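Numbering (my numbering), first residue to last: 11 to 366.
What follows is the structure in structure tokens.
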């Protein structure tokens, strides 16, 4: 990942930005509360003189007067400064498909479950919209993956894809085992039977790769991850390789059907005896950050990690620890020894119960 770049308030960005600012809203319209929150944000943006753009399959549910409407696709984010996502990680990944081919950055409000890609929680939407209005944000460039599918003779099939989180080479039939040969930079490494192989980015390390037992990697680390899923082997550990590595997953010509799934959104079939090459893409995804929350703090907040230490934990009975409430990553609250969420200022100021 590159160093965070200054937000649109920087002089160079001001010169490059069109006179009329545009913001694209990507909204999970299946829930009334999400639609209501997105409408409120659209009204705030319009009051500030910012043009609001909506997708045609969401415009009717949103019913925002004066909004631009466009079809879903790479052209939806053309001329847009930022894409605001209202939903979970699935909605965010859908927005990334539109923004990746443009200079638009993405930021999101978590209205799903974990929502690790989102910038903030619903209670901090006002602060986020104000930051967009004042151009007070920095932009991070997140590494993405490019997957190329080759046939049994090593010729590209022309069917490729990309991913922000992970590329998964997986079996199609549940009753079969997928035999794979793994190569790194053209050198065979190992082979085994499995359900599939995940090639993930640091951004995707907290998604599918995390669930499959892979490591959590800080997003500013430039690396590629290779994580087997349900491998029938003694050596099937997750691997972390160079960002310039080429990861190859070859499948034998035994009739077992395999496919590539990118971010769970795009699927490409792998021919019998073919292979998949995964490498770093030349085009990153730009993510806008409105606050300097450390990644470690996000881990604590999103997963509810106990940072008090087991010796200082208060018990509420056998096997019952003191409950921990939900935190907002914008506030940087800390789980303290008495089970109360306190701000970083309270802890740093010597609150009697503020030791971590």
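Glycine is no exception: its CB is placed at the ideal position from the N, C-alpha and C atoms.
Only a predicted model underlies this, so the values are computations on that prediction, with no experimental measurement involved.
Any chain D beta carbon closer than 8 Å to residue i
| i | result |
| --- | --- |
| residue 96 | Note that chain D does not occur in the displayed structure, where there is just one protein chain. |
C-alpha gap between residue i and residue j, whole angstroms
| i | j | result |
| --- | --- | --- |
| residue 38 | residue 197 | 44 Å |
| residue 242 | residue 277 | 25 Å |
| residue 70 | residue 250 | 45 Å |
| residue 307 | residue 317 | 10 Å |
| residue 345 | residue 313 | Residue confidence for residue 345 is low, a pLDDT of 49 falling below 50, so the modelled location carries little weight; the figure read from the coordinates is stated next. If I take the Cα positions, the gap works out to 12 Å. |
| residue 42 | residue 305 | 31 Å |
| residue 229 | residue 152 | 7 Å |
| residue 30 | residue 48 | 21 Å |
| residue 94 | residue 245 | 43 Å |
| residue 310 | residue 281 | 42 Å |
| residue 133 | residue 290 | 36 Å |
| residue 76 | residue 131 | 27 Å |
| residue 163 | residue 263 | 11 Å |
| residue 173 | residue 232 | 15 Å |
| residue 160 | residue 283 | 9 Å |
| residue 296 | residue 274 | 20 Å |
| residue 214 | residue 315 | 19 Å |
| residue 104 | residue 288 | 21 Å |
| residue 100 | residue 195 | 31 Å |
| residue 61 | residue 301 | 24 Å |
| residue 74 | residue 303 | 32 Å |
| residue 67 | residue 83 | 12 Å |
| residue 269 | residue 44 | 34 Å |
| residue 369 | residue 204 | Past the edges of the chain, shown from 11 to 366, lies residue 369, and the structure says nothing about it. |
| residue 64 | residue 224 | 37 Å |
| residue 145 | residue 58 | 12 Å |
| residue 219 | residue 78 | 38 Å |
| residue 137 | residue 143 | 10 Å |
| residue 123 | residue 227 | 21 Å |
| residue 202 | residue 279 | 20 Å |
| residue 294 | residue 150 | 9 Å |
Cβ pair residue i, residue j closer than 8 Å
| i | j | result |
| --- | --- | --- |
| residue 166 | residue 154 | no |
| residue 299 | residue 114 | no |
| residue 235 | residue 248 | yes |
| residue 121 | residue 85 | no |
| residue 109 | residue 141 | no |
| residue 90 | residue 54 | no |
| residue 35 | residue 126 | no |
| residue 171 | residue 272 | yes |
| residue 182 | residue 267 | yes |
| residue 119 | residue 128 | yes |
| residue 222 | residue 239 | yes |
| residue 56 | residue 139 | no |
| residue 92 | residue 102 | no |
Residue i, enclosing beta strand (DSSP E) - first and last residue
| i | result |
| --- | --- |
| residue 189 | 188–194 |
| residue 178 | 176–181 |
| residue 299 | 295–299 |
| residue 60 | Run containing residue 60: none; DSSP gives neither H nor E here. |
| residue 271 | 268–272 |
| residue 278 | 276–280 |
| residue 198 | 197–204 |
| residue 166 | 166–173 |
| residue 37 | 32–37 |
| residue 258 | 257–260 |
| residue 287 | 285–290 |
| residue 244 | Run containing residue 244: none; DSSP gives neither H nor E here. |
| residue 254 | Premise fails: residue 254 is in no beta strand (DSSP E) and is neither H nor E. |
Residue i, enclosing alpha helix (DSSP H) - first and last residue
| i | result |
| --- | --- |
| residue 310 | 305–313 |
The stretch 178–197 touching the stretch 256–265, judged by at least three CB pairs closer than 8 Å: yes
3 or more residues per run - each beta strand (DSSP E) lying fully within the stretch 206–238: 206–210, all fully within the stretch 206–238.
Whole beta strand (DSSP E) elements within the stretch 114–163, 3-residue minimum: 115–120, 148–152 and 155–160
Stretch pair the stretch 201–214 + the stretch 168–177: three plus CB contacts closer than 8 Å: yes
Length at least 4, wholly inside the stretch 65–111: the alpha helix (DSSP H) runs in chain order: 66–72 and 99–109
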